[in-house]
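Undergrad:
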Amino acid sequence: MKKTFAFKSGAMLLSLSMLSMALVGCGSNNNEKATNPQGSTNNAVIDDPTQLNATVKIWDWDEAFQQGMIAEFNKVYPNIKIEATVVNTTDYLQKLQSGIASGSDVPDIILGESAYRGRLFDLNILDNLGNAPYNLDASTIVEYVVPFVSDNNGNIVAVDQTLTPAGFAYRRDLAKQYWGTDDPAELEQMLATWDQFIEKGIELKEKSNDSVLMLPGVGDAFIALRGQNTDSYVNGSEVDLTSKLQQPLERLFEMRDAGILGKLELWSPAWSSSMSKGEYMFYPMAPWGAKWHISANDPDGSGRWGLVKAPERGFVRGGTAIGIYKDSKVKEAAWEFVKFAYLSDEGSLYNFQTFGNMTSSKAFYENHADAIEAPGPFDEFFGGQNLAKYFMDNIVPDMTGEPQSKYDSVLDAVFNTLYPLWTKDSSITADAALEKFKEEFKNKASDATVK
Amino acid sequence: MLAENKLNTPTASRKRKWGPRMWPYLFALPFVVTYAAFQLYPVLYSFILSLYDWNGISDRVFVGLDNYIQLWTKDKLFIKSITNTLIMMLMFIPITLILGLALAYWTFNLVRGKQFIQTINILPYITTPVAIGFIFSYLFDWQTGLVNLLLVKLDFLQEGYYWLQEEWSSRAIIALMVIWRNLGYFMIIFMAGMTTIPQDVYEAAKVDGATGFTLFTKITFPLLKNISIFLVVTAIIGGLQLFDEPKLLYGGWSGSTQVGGPNNTALTIIWKFVDESFISNTRLGYSSAIAYSLFVLIVVFSLISFRAMAGKGGG
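Those sequence lines, one after another, are chains A and B. Just so we're aligned, residue 2 is where the first sequence starts under the working numbering, counting upward by one. Just so we're aligned, residue 4 is where the second sequence starts under the working numbering, counting upward by one.
1. Just to confirm, are V235(A) and F442(A) a CB contact at a threshold of 8 Å?
2. Within 10 angstroms of the Cβ of D278(B), are there 16 or more other Cβ atoms? Answer buried if so, exposed if not.
3. Within 8 Å of any Cβ in chain A, is that where the Cβ of T285(B) sits?
4. Work out the CA separation of V143(A) and K363(A) for me, nearest whole Å.
5. Assuming F223(A) and F416(A) form a contact by the criterion Cβ under 8 Å, report the distance between their Cβ atoms to the nearest whole angstrom.
6. For the beta strand (DSSP E) that P285(A) lies in, which residues bound it at each end?
7. Run the CB neighbour count on A291(A), radius 10 Å, all protein chains shown included, and call it buried at 16 or more, exposed below.
8. Cα-Cα, which of T285(B), I273(B), M94(B) is closest to I82(B)?
9. Kindly indicate if chain B contains any beta-carbon less than 8 Å away from that of A297(A).
10. Ordered along the chain, which non-local residues of its own chain (more than five positions away) have a Cβ less than 7 Å from that of I71(A)?
11. Curious, which full-length alpha helix (DSSP H) runs of at least 4 residues does the stretch 228-284 of chain B contain?
12. What are the boundary residues of the alpha helix (DSSP H) that includes F119(B)?
13. Can you tell me where the alpha helix (DSSP H) holding V415(A) begins and where it ends?
14. Which residue wins for smallest C-alpha separation from P376(A), given the options F353(A), S361(A), N368(A)?
15. Using a C-beta cutoff of 8 Å, does P50(A) count as contacting chain D?
16. Would DSSP call Y78(A) helix, strand or coil?
17. Rounded to a whole number of angstroms, what is the C-alpha to C-alpha distance between K34(A) and E381(A)?
18. Note down, one range per segment and in chain order, each beta strand (DSSP E) of at least 3 residues found wholly within the stretch 100-144 of chain A.
19. For Y128(B), which residues in the same chain have their Cβ closer than 7 Å to its Cβ, ignoring the five residues on either side in sequence?
20. With the cut-off set at 8 Å, would you say L246(A) and L435(A) are in Cβ contact?
21. Name the residue from I60(B), F95(B), I123(B) whose alpha carbon lies nearest to the alpha carbon of Q95(A).
22. Which same chain residues, not among the five before or five after L175(A), have their C-beta less than 7 Å away from its C-beta?
23. By the criterion of Cβ-Cβ separation under 8 Å, what are the contact partners of K264(A) in chain B?
24. Applying the 10 Å Cβ sphere with the 16-neighbour rule, what's the burial state of R305(A)?
25. Along chain B, in chain order, which residues have C-beta atoms closer than 7 Å to that of T418(A)?
26. On the DSSP bridge assignment, give the partners of I323(A) in chain order.
27. Pull up the distance between the alpha-carbon of A195(B) and that of F111(B), whole angstroms please.
28. Does I373(A) come out as helix, strand or coil in the three-state DSSP assignment?
29. Using a beta-carbon distance cut-off of less than 8 Å, what residues from the stretch 75-87 of chain B approach chain A?
30. Taking only beta-carbon atoms, is L216(A) less than 8 Å away from chain B?
31. If you reduce the DSSP assignment to three classes, tell me which class E313(A) lands in.
32. Of all the alpha helix (DSSP H) runs that stay within the bounds of the stretch 231-298 of chain A, which reach a length of 4 or more residues?
33. Taking 8 Å as the cut-off, does the stretch 242-257 of chain B touch the stretch 64-82 of chain B (at least 3 CB pairs, one atom from each stretch)?
34. Select from the stretch 36-56 of chain B all residues with a C-beta closer than 7 Å to any C-beta belonging to chain A, and list them in chain order.
35. So I157(A) packs on D109(A), CB below 8 Å; how close in whole Å?
36. Quick check on DSSP: helix, strand or coil for N43(A)?
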């Protein structure tokens, strides 16, 4: 009898506790949403920001960066605790949306990588940084960056994590072997226009007996061509693909038909390993590419790489926008961190010297010109060329900015789906490709009118 | 006798309400509550959501059945995803069933090495789909895949065949992945069914002069009918939900957002669903409509297959 009673009461207790756990799980979300304060009444005028007391949450994929920067930040702002959670770029937006929709864990500082930046801005969850308490002045930011960090209404809603002007990384040994020179200035002259680029490409192909080509694939070439056309192509839900893509596609197919492009797909293992094999001359590269692409995939290749401007002008590749969540309860503290890490002279100097990130704040380049002159972490890998200086002096000046749109990721997705077919079937023409592009785009973005 | 009388009086029955009769309900309560909270409620909520247009953050806009109408009449990709899924199911379900049965029969009658074969065959089923996706996309890579290298070396082809970007070969590779993965599972289930067949039936048949093939067709196969029905119906349900294999075959590399394979021939219904809600768009209401349409499809197909297989013989 005793045993069954104990058993029964134990079972009863267990079932009641499971029941209560289930109910608690359901109930807590509603409470959180209800207590979210709308205004910033808690945040009165701060006399000394360095004495702010708060816990700020940030989601980032670059753990090393956060660890280093947070330590530096805490030297000046000892009472602001930054909690960094590592979240992958591929499911960042999805996790963010789930978090907001369910009212649970949302970071105060949100990162928008170029792959989903337009969609993030379109969600309208980032605060306007031109207003109080941020009061960010657009004229202090490098000009071409402003469209990349503004939403559809022209308000600046984010800070650029690092400048991402891109040129072509090239193999010095191959350039010297087939063109007789590996000097960036001379190469810039040699490849000043795309026509010259194609000519030189044909020459390279013949001289090397097809063993060395200009670019690894259609995808790489398109990154440059698409990025150079920065005119807006979206007007509300009207998408003008013809004006955006006609010219890049024609150029792209010209290159493909001339035979100067390889057949590799972006990011595939074959593409990654081609860098060390010396099968291709150029790879599109932004400042972060030195670390994540070139030196990562060609670890023994120190000294045999260089950087040159792409034909005609530079283009933007990648980039991440840092914004602050509209309903964050610790906006001041979050802004102090963002300001310190990505805009202030002090933080930018540390950022540049440790990670090679270049701030979008114009003041830094005037006040710390010597930092740019000094050798960077990957300069030796690039044969002693001062990468930061080359980017700032040669590539940035004639770059223009591109307004972001939620259709950017659709465009990328459609391109990624279609370009292997273009590589495989050389009978497809640029016009046919454009028509197919429009068709696929309409399938994916059924609410848009496509021209 | 007296005790029974006491138990049947009105006061006693009121007391009994909280006595032993309540225990079954109380024990079932945790599961039912959890099920209701985490399975049933989301299912009902999704249906309500499918009547709205929502991106997860802004306000919901009621659109009624507009999502369904747009889905079935205007969305060509959705119809294409249904045909793709059905085609791939036709490619892998019969093969898996037949091969699984053959393998099970062969293994069942093995004298030695039975355990070994069973273990080897179940390994693909417990391998994580992500790894399988990577490996298959490496194997069939155009420029550097092992399959192409072998074929070129053995002079079957001049240049590598672009497996992953040809319409039918992409479906074939996905079917291959599914077959490879599920063969062990089907084999195990069939073998479990075979153990229930009494041996004396076989002996009696052998006495009457039946040989291997006749034994199989006249005894084993009919007696496995219930297992076959179970496997077919679950295979159809699982097949309609095909998602892991195609997505991982095409989305393996980081940064690649290729959805649907070449010309959308590998796009399955669930892949379209995930694409609409998380990858290319954030139309949660529209995706809920896709999920519900799939639900209806699964119910219809499993009913048809069940009736077709069990209806004739009466199960």
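Quick reminder that beta carbons are idealized off the backbone N, C-alpha and C, glycines included.
TA: Short version:
1. no
2. buried
3. yes
4. 6 Å
5. 7 Å
6. 283-286
7. buried
8. I273(B)
9. no
10. I83, A85
11. 228-243, 247-253, 272-277
12. 117-129
13. 409-425
14. F353(A)
15. Given the protein chain composition of this structure (A and B), no chain D is represented.
16. coil
17. Only weak support exists for where K34(A) lies, its pLDDT of 39 falling under 50; the value from the coordinates is given anyway. Whole-angstrom Cα-Cα distance: 52 Å.
18. 110-114
19. R184, N185, G187, Y188
20. yes
21. I60(B)
22. V213, G279, M282
23. W145, Q146
24. buried
25. Q261, V262, G263
26. L112(A), V160(A)
27. 10 Å
28. helix
29. K77, D78, K79, L80
30. no
31. coil
32. 242-259, 270-278
33. no
34. V36, T37, A40
35. Actually they do not touch by this definition, with Cβ atoms about 18 Å apart.
36. Summary for N43(A): the model assigns pLDDT 42, below 50, so the residue's position carries little reliability, and this model does not support an answer.
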